[in-house]
Amino acid sequence: MCTAAGRGQPKPMELRCKNLIKETAKARLRKHDVRSKFSLWLSTKYSVLLPLLVKEEKIYVLFTVRSKKLRTSPGEVCFPGGKREPGDTDDITTALREAQEEIGLQPHQVEVICRLVPYINKPISGQGSKRSSTTYSKCGKGAGNRYQSVFLTVATIGEIPLLPNT
1 MCTAAGRGQP KPMELRCKNL IKETAKARLR KHDVRSKFSL WLSTKYSVLL
51 PLLVKEEKIY VLFTVRSKKL RTSPGEVCFP GGKREPGDTD DITTALREAQ
101 EEIGLQPHQV EVICRLVPYI NKPISGQGSK RSSTTYSKCG KGAGNRYQSV
151 FLTVATIGEI PLLPNT
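Numbering follows UniProt numbering, with no gaps: position 119 of the sequence shown is 119.
Structure below.
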């Protein structure tokens, strides 16, 4: 277990501990990587990014809350993501572009760890179906240690520990 750092630069032991936490999580997630196995689905594709970050010896998941003014899924807790656009080459490109648009997370700040099995998401209203592909990633915060909402579709940006204290 690492000890909490004081203000200023992290100590070498704290950096080693943080790196150990990251590497352990990455190794576990990579066991579930499907690579491009499902990339040829012909339906409309959506991709989301599950941003993970290590802070205070814990892994946190970054999430957003959609604006209540939106027509679809208002107020829903979700991850940055959206519909594939013609210029997107794959699911990862879509997820990274959407994360940049929605929360200002730059693609160079992200290390993609794996792609998970996609799922079919049928809206409760029964208005057809869409297929979503999920991508896990590790990310850092933007300039000034703050995430920023670029579009008005995001009402809140937050983070929660992946494994809260028991």
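All C-beta atoms, glycine included, are put in the ideal place defined by N, C-alpha and C.
In this text, all values refer to a predicted model and were calculated from it rather than measured experimentally.
Does DSSP put proline 12 in a helix, in a strand, or in coil? helix
Among Leu96, Ile160, Pro86 and Pro118, whose alpha-carbon lies nearest the alpha-carbon of glutamine 109? Leu96
Between aspartate 88 and the rest of its own chain, which residues show a CB-CB distance below 7 Å, the 5 nearest in sequence each way excluded? Thr94 and Arg97
Does the Cβ-Cβ distance between glycine 158 and phenylalanine 79 come in under 7 Å? no
Suppose the cutoff is 6 Å on Cβ atoms and the five residues either side in sequence are ignored; what does the same chain contact list for proline 161 look like? Lys58 and Tyr60
What are the start and end residues of the alpha helix (DSSP H) that includes glutamate 98? 91-103
Between arginine 16 and lysine 55, what straight-line distance do the alpha-carbon atoms span, to the nearest angstrom? 13 Å
Where the beta strand (DSSP E) containing phenylalanine 63 begins and where it ends: 58-66
Please report the distance separating the alpha-carbon of lysine 83 from that of lysine 11. 42 Å
What are the boundary residues of the beta strand (DSSP E) that includes lysine 45? 45-55
Nearest-angstrom Cα separation, counted from aspartate 90 out to glutamate 102: 18 Å
Since leucine 116 and valine 34 are thought to touch, with beta carbons under 8 Å apart, how far apart are those beta carbons, to the nearest angstrom? 7 Å
As a quick exercise: from Glu85, Val65 and Leu70, pick the residue whose alpha carbon is nearest that of glutamate 76. Val65
Do you know offhand how far serine 73's Cα is from glutamate 85's? 20 Å
Extent of the continuous beta strand (DSSP E) run through glutamate 76: Element bounds for glutamate 76: n/a, residue is neither H nor E.
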